[in-house]
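Only one structure is covered here, and it is reproduced in the block below.
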Ligand SMILES: Cc1ncc(COP(=O)(O)O)c(C=O)c1O
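Residue numbers (my numbering), protein chains in the order written: chain A, 1 to 285; chain B, 1 to 389.
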């Protein structure tokens, strides 16, 4: 049984703002029956078309999907459209006292519906996470099962600081059905994490060889192996020759089609956190 | 709030009589049955009695019963044994609707050089025996097909299947975890080589199971070590649990008739009333032979977890084929294999009754469920469209 907070339960049992708004200014729909959840959001603006005076929803989905929809409608009332757009899925989850990680995609769905509704109202391009409804979206579809694009996934990865494919699945569903896009999701994570690492350089200055070796080992232990464990994989440090780090993959990583890519990810991490000249080589352990 | 427990395919209440039977074997009669002294010996006698009782329920001989830690262990032992017994045969036949205890093992084995055939089922959850016949070949080491499905209750024609498998010279294993105690079994006249059962599905505690192994069928143990269970399953016997399983099997034999009359009538009444009171509902596996206690019913345009949470507000415990209850994102592999449309699979609820189910409890479900479905359909964007139609 899910460990829902009292606030989630309360919003599920007594959802606020259920229904339709007949002459709504903006309507946003995301999800589908096939996905197992769907949300239709109705927004009514004041006479100056500035502030949201009313919001209603219809949701097909589990307890946390209904509670997240209810929370969202409560949170955006009284806000301008720009203020409403600033509401993040994390704020929706926080409003409810938190959601189990596996259920975070329910809060993401609320944020998406809001973006779609406002984009449609403003007549701009509709955001790219239409969950497979129409595939004319910006960005490249990564998860075919749920119709999710790289742009959307990057955004969720960055804003929620996700670092495993499993987390991305929990937050967005991507990779949760056939699993075919999981290697691609891992690449996206590595890219996003790489960009973030560039933003916050933590690299030490000039290193002695011994110190470099220590740091490589520490980084592998503390930063890299835990990420692999999360996916059932592991690696072993085989040797360090100067700046050349030799590793062997274990468990789920060994023989995995994406291990070549994982080696690159390890290399990038070591470059970012230890030293630019590091190269990583995969060897038979 | 008193629970209305209709989730007996997930696990069952330990029968009071079973609990009383096992109770002394923790703090008083805690001896090891293998010991040479009187204190262990008296426990050995009770373990023997339990073995006789389990054998009796199955129509088997006591030496054919191996106690294990759970249904999952029995399933794993049977399939792995067959692969060791026939090192030259690398083909396993199973079905798409097996419990993960079989399916996950087979899928793992497929990455280790085994060829797996997962038989399909039709929309009512039935096998096509023609497909089985085509799948069997000289490379087939074992066929593992469940007796009754845990989600839908659909029963496979096990003896017919067994005869086909025997003709091809492969071993035949059945996961009868859901069938034991509900369907009369007689191993003396059966084609089954190995059969798995689990205590906690028949009012014994969790963490005890058994594997029936036909005399003369070659076997390699899964756990090796001491000489327990005639060296077929090492590890000091879980004496209290074994004694409980024996008592539970004795009780199951006494109540078998009731399962197939009174419990069946309750299930049928629940099914009939829900179909009458709730539009756009259908029975998963409705066209097939089913266990007397299981009802899997799909409500279109609503999501199972939401139904369960609202039922839970009334103390009603059931389970769902919905993706959202498990944390996985795909609805039940069983319903998907049956081709149940997504619209129904997400809103499928399983009620599983037991001999402890009362008529009043069934009345409560019949009273509380229709308004719950109506309420969720009112919230659902699809439900609205449908209600207007
Ligand atoms: C059909 C079937 N097989 C196997 C099992 C596993 O049994 P256990 O929980 O004792 O390992 C179950 C129950 O969960 C089941 O329903």
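By construction, the Cβ of each residue, glycine as well, lies at the ideal position given by its N, Cα and C atoms.
Element boundaries [beta strand (DSSP E), containing residue i]
i                      : result
residue 121 of chain A : Note, residue 121 of chain A: premise wrong, no beta strand (DSSP E); alpha helix (DSSP H) at 104-122.
residue 178 of chain B : Element bounds for residue 178 of chain B: n/a, residue is neither H nor E.
residue 72 of chain B  : Not the beta strand (DSSP E): residue 72 of chain B falls in the alpha helix (DSSP H), residues 71-85.
residue 6 of chain B   : That residue, residue 6 of chain B, is in no beta strand (DSSP E); it is neither H nor E in DSSP.
residue 143 of chain B : 140-144
residue 59 of chain A  : 52-60
residue 352 of chain B : 348-352
residue 197 of chain B : 194-198
Straight-line gap, residue i to residue j (C-alpha atoms, nearest Å)
i                      : j                      : result
residue 84 of chain A  : residue 350 of chain B : 40 Å
residue 264 of chain B : residue 139 of chain A : 55 Å
residue 365 of chain B : residue 301 of chain B : 20 Å
residue 405 of chain B : residue 108 of chain A : Nothing can be reported for residue 405 of chain B: it is not among the residues displayed for chain B, which extend from 1 to 389.
residue 345 of chain B : residue 336 of chain B : 7 Å
residue 127 of chain B : residue 68 of chain B  : 29 Å
residue 18 of chain B  : residue 43 of chain B  : 16 Å
residue 188 of chain A : residue 1 of chain B   : 48 Å
residue 32 of chain A  : residue 225 of chain A : 37 Å
residue 134 of chain A : residue 30 of chain A  : Note that residue 134 of chain A scores 37 on pLDDT, short of 50, meaning its location in the model is unreliable and no value can be drawn from it.
residue 352 of chain B : residue 10 of chain B  : 8 Å
residue 31 of chain B  : residue 39 of chain B  : 6 Å
residue 368 of chain B : residue 233 of chain A : 47 Å
residue 14 of chain B  : residue 142 of chain A : 49 Å
residue 5 of chain A   : residue 54 of chain A  : 26 Å
residue 15 of chain A  : residue 65 of chain A  : 11 Å
residue 241 of chain A : residue 207 of chain A : 15 Å
residue 311 of chain B : residue 28 of chain B  : 42 Å
residue 4 of chain B   : residue 62 of chain A  : 22 Å
residue 137 of chain A : residue 155 of chain A : For residue 137 of chain A, the pLDDT reaches just 44, beneath the cut-off of 50, and the residue's location in the model is therefore unreliable, leaving the point undetermined.
residue 190 of chain A : residue 151 of chain A : 14 Å
residue 98 of chain B  : residue 77 of chain B  : 16 Å
residue 268 of chain A : residue 144 of chain A : 28 Å
residue 200 of chain B : residue 357 of chain B : 17 Å
residue 283 of chain A : residue 193 of chain A : 25 Å
residue 184 of chain A : residue 276 of chain A : 25 Å
residue 236 of chain B : residue 104 of chain B : 28 Å
residue 10 of chain A  : residue 160 of chain A : 25 Å
residue 121 of chain A : residue 178 of chain A : 35 Å
residue 56 of chain B  : residue 69 of chain A  : 56 Å
residue 74 of chain A  : residue 291 of chain B : 47 Å
residue 26 of chain B  : residue 41 of chain B  : 15 Å
residue 159 of chain B : residue 184 of chain B : 13 Å
residue 375 of chain B : residue 36 of chain A  : 18 Å
residue 19 of chain A  : residue 262 of chain A : 47 Å
residue 361 of chain B : residue 144 of chain B : 36 Å
residue 92 of chain B  : residue 106 of chain B : 8 Å
residue 239 of chain B : residue 12 of chain B  : 20 Å
One or two residues paired with residue i in a DSSP bridge
i                      : result
residue 26 of chain A  : A/43
residue 77 of chain A  : The partner list for residue 77 of chain A (beta bridge, DSSP) is empty, contrary to what the question assumes.
residue 127 of chain B : B/121
residue 282 of chain B : B/298
residue 229 of chain B : Looking at the DSSP assignment, residue 229 of chain B forms no beta bridge with any residue, so it has no partner.
residue 239 of chain A : A/246
residue 91 of chain B  : B/115 and B/140
residue 67 of chain B  : B/210
Range of the contiguous alpha helix (DSSP H) that encloses residue i
i                      : result
residue 145 of chain A : Premise fails: residue 145 of chain A is in no alpha helix (DSSP H) and is neither H nor E.
residue 18 of chain B  : 16-22
residue 281 of chain A : Counting along the chain, residue 281 of chain A falls outside any alpha helix (DSSP H), though it belongs to the beta strand (DSSP E) covering 279-282.
residue 54 of chain B  : 38-58
residue 212 of chain A : 209-219
residue 167 of chain A : 165-172
residue 245 of chain B : 239-258
residue 304 of chain B : 304-313
Residue i Cβ short of 6 Å to ligand 2 heavy atom set
i                     : result
residue 99 of chain B : Ligand 2 is not part of this structure, which contains only ligand 1.
Residues that residue i contacts on chain D, provided the C-beta gap is smaller than 7 Å
i                      : result
residue 346 of chain B : Among the protein chains in the structure shown, which are A and B, there is no chain D.
The region 54-65 of chain B in contact with the region 135-155 of chain B per 3-pair CB rule at 8 Å:
no
Does the region 71-91 of chain B come within contact of the region 210-226 of chain B, defined as at least 3 CB pairs closer than 8 Å?
yes
Does the region 18-28 of chain A touch the region 116-125 of chain A, meaning 3 or more C-beta pairs lie closer than 8 Å?
yes
Quick one: any contact between the region 238-251 of chain B and the region 192-206 of chain B, if contact means 3 or more CB pairs under 8 Å?
yes
Is there contact here, the region 208-220 of chain B with the region 228-246 of chain B, by at least three beta-carbon pairs under 8 Å?
yes
Check whether the region 281-293 of chain B and the region 86-98 of chain B touch, using three or more Cβ-Cβ pairs below 8 Å as the test.
no
At least 3 beta-carbon pairs within less than 8 Å: the region 35-53 of chain A vs the region 75-93 of chain A
yes
Are the region 112-126 of chain B and the region 256-263 of chain B touching, with three or more C-beta to C-beta distances below 8 Å?
no
Between the region 138-148 of chain B and the region 267-281 of chain B, are three or more C-beta pairs nearer than 8 Å?
no
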